[in-house]
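Undergrad: Right, I'll just put the structure down here and ask away after.
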Amino acid sequence: MNTENFNNNNNSKQQIISSKEPSKEFLKALNHLKPKWNGKYSEGYRGATIIYREFRSLVRLGKKEGLSEDYVLDQLKERKQEPCLECGKEITVIYENGHTFEENQYCKACKNIRDRREYEEEQERTRREEEPIERYSNKILGYRADYDIPYEEYLEIEKERRESIDKQLEPIKEAIEYGRSSNNRTKKIKLPKGMTKTKWLKQQREKRKQAKYEDKQRRIDQHLRFHGSPNRLIIQRIDKIRCDCEAQEMRIGKFCATCQLLIKVDSYMLGLFREAYERRKSRSEDGVK
Ligand SMILES: [Zn+2]
Ligand SMILES: [Zn+2]
């Protein structure tokens with residue numbers, strides 16, 4: 019599991035906190051495994067196998083008590099009390115196999131300040147390096163430049179993005195859970211009321227067929243978006259133009275015949291974009307959309 023995601027993922031954190039209180043038996047097994055788990059790479063292959071077996075039995079024990087595997091993994095991490103690297107306030111730093119990320123070594127307040135500063139510096143950099151054509155095309159399409167997105171809004175966008183990824187991962191997680199409990203294979207399928215098994219199987223087949231069809235359509239659309247737009251066509255075309263420029267001549271601003279044509283193409287293109295940009299700008303200044 020990606021540690022960074024794991025730490026930032028509010029959903030799984032919620033899950034961990036909402037777990038029930040572990041029993042004494044569980045805690046004993048946990049404390050027995052914990053030091054070995056955190057130094058497991060020094061134990062070699064045989065040692066690692068033993069540790070992993072112990073881990074699986076701890077997970078089984080936890081399951082009986084209603085504790086998830088995520089909870090067990092979280093409990094196995096080492097926690098040390100350390101001063102925040104910025105303000106010195108004592109915080110709990112989580113270590114995995116003796117390692118931690120630098121970002122974990124700051125208190126929440128200092129981390130927020132650092133994150134915001136980093137974001138704003140990055141925005142300032144992209145603002146400075148923006149090419150006119152970027153400004154033009156954003157305006158033509160009615161977009162804001164990325165550097166115009168305030169930090170708070172960016173956090174919201176990121177949160178939504180993470181939630182949508184979590185949602186996409188849900189069925190995968192379920193499938194893994196299902197595969198782990200080996201009894202499930204022989205378990206009888208619970209049929210919906212008033213449905214025969216043949217009918218149910220047919221319905222499942224139809225569902226799979228539909229999913230396959232939708233997946234194919236999605237891929238066709240994606241391919242079209244990536245390869246069919248004039249944007250791509252122009253990139254491909256330019257790539258085919260032969261260039262005969264020599265470094266020595268380039269230094270004094272002399273280019274080959276095809277490149278001289280391309281200089282004209284570039285200025286013509288910029289002109290078109292600038293005109294569209296100006297039109298759009300004056301319209302929005304007049305309050306017309
Ligand atoms: Zn701090
Ligand atoms: Zn050239």
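Residue numbering for the sequence shown follows the numbering used here, starting at 19 and increasing by one per position. All C-beta atoms, glycine included, are put in the ideal place defined by N, C-alpha and C. On a predicted model such as this, the values are computed, not experimentally measured, just so you know.
In angstroms, rounded to a whole number, what distance separates the CA positions of SER300 and LYS157?
TA: 11 Å
Undergrad: Where GLU108 and LEU290 are concerned, what is the direct C-alpha to C-alpha distance, given to the nearest angstrom?
TA: Looking at the two C-alpha atoms, the distance is approximately 59 Å.
Undergrad: Since GLU138 is in the alpha helix (DSSP H), which residue starts that stretch and which ends it?
TA: In the DSSP annotation of this structure, the continuous segment of the alpha helix (DSSP H) that includes GLU138 starts and ends at 126-147.
Undergrad: With DSSP collapsed to three states, give me the class of PHE291.
TA: helix
Undergrad: Specify the secondary structure class of PHE24 as computed by DSSP and reduced to three states.
TA: Here the model assigns PHE24 a pLDDT of 40, short of 50, so the residue's position is not dependable and the matter cannot be decided.
Undergrad: What does DSSP give as the partner residues of SER110 in its beta bridges?
TA: Note that residue 110 is Thr in the sequence shown here, rather than Ser. In the DSSP output, where bridge partners are listed per residue, THR110 has GLN99.
Undergrad: Where ASN23 and PHE119 are concerned, what is the direct C-alpha to C-alpha distance, given to the nearest angstrom?
TA: Bear in mind that the predicted position of ASN23 carries a pLDDT of just 40, short of 50, making it unreliable; the figure below should be weighed with that in mind. Pairing ASN23 with PHE119, the inter-Cα distance amounts to about 12 Å.
Undergrad: Can TYR161 and GLN141 be called in contact, C-beta distance under 7 Å?
TA: no
Undergrad: Spatial neighbours of ASN20 within its chain, please: C-beta separation below 6 Å, excluding the five flanking residues on both sides.
TA: Low local confidence applies: a pLDDT of 39 at ASN20 is under 50, so the model's placement there is unreliable, with the coordinate-based value given in what follows. Result list for ASN20: empty, nothing under 6 Å.
Undergrad: When you compare only the Cα positions, how much space is there between GLU147 and LYS234?
TA: 39 Å
Undergrad: Which same chain residues, not among the five before or five after CYS125, have their C-beta less than 6 Å away from its C-beta?
TA: CYS102, LYS107 and ILE109
Undergrad: Within 10 angstroms of its Cβ, does LEU251 collect 16 or more other Cβ (buried), or is it exposed?
TA: By the neighbour-count rule (16 or more Cβ atoms within 10 Å), LEU251 is not buried but exposed.
Undergrad: Are TYR89 and TYR137 close, meaning C-beta to C-beta below 7 Å?
TA: Against a cut-off of 7 Å, the Cβ pair of TYR137 and TYR89 comes out as no contact.
Undergrad: What alpha helix (DSSP H) runs, 4 residues minimum, are completely inside the segment 71-95?
TA: 87-94
Undergrad: Looking at PHE273 and ligand 2, is the gap between the Cβ and the nearest heavy atom below 6 Å?
TA: yes
Undergrad: So LEU94 and LEU45 are in contact, right, with Cβ under 8 Å, and what is the actual spacing, rounded?
TA: Taking C-beta atoms under 8 Å as the contact rule, LEU94 and LEU45 fail to qualify, at a distance of about 12 Å.
Undergrad: Is the beta carbon of CYS263 within less than 6 Å of some heavy atom of ligand 2?
TA: yes
Undergrad: Taking 6 Å as the line, does the beta carbon of CYS105 fall inside it for any heavy atom of ligand 2?
TA: For ligand 2, not one heavy atom lies less than 6 Å from the Cβ of CYS105.
Undergrad: I need the straight-line Cα distance from ARG223 to LYS217, nearest angstrom please.
TA: 10 Å
Undergrad: Tell me whether CYS125 counts as near ligand 2, meaning its Cβ is closer than 6 Å to at least one heavy atom of that ligand.
TA: No.
Undergrad: Closer than 8 Å by C-beta to LEU79: which residues in its own chain qualify, once you throw out the five before and the five after it? Chain order, please.
TA: Closer than 8 Å at the Cβ level, and outside the excluded window around LEU79, lie GLU43, PHE44 and ALA47.
Undergrad: Hey, LEU280 and ILE259 are a contact pair by Cβ (cut 8 Å); roughly how many whole angstroms apart?
TA: 7 Å
Undergrad: So TYR154 is in the alpha helix (DSSP H); what residue range does that whole segment cover?
TA: 150-159
Undergrad: Specify, as a first and last residue, the run of the alpha helix (DSSP H) that TYR231 falls within.
TA: For TYR231, the enclosing alpha helix (DSSP H) begins and ends at 215-245.
Undergrad: For the candidate residues ASP257, ASN56, ARG236 and ALA275, whose alpha-carbon lies nearest to that of CYS263?
TA: ALA275
Undergrad: Nearest-angstrom Cα distance between ILE183 and GLU267?
TA: 52 Å
Undergrad: For the alpha helix (DSSP H) containing ILE256, name the first residue and the last one.
TA: 248-258
Undergrad: Can you give me the start and stop residues for the alpha helix (DSSP H) that GLU43 sits inside?
TA: 42-56
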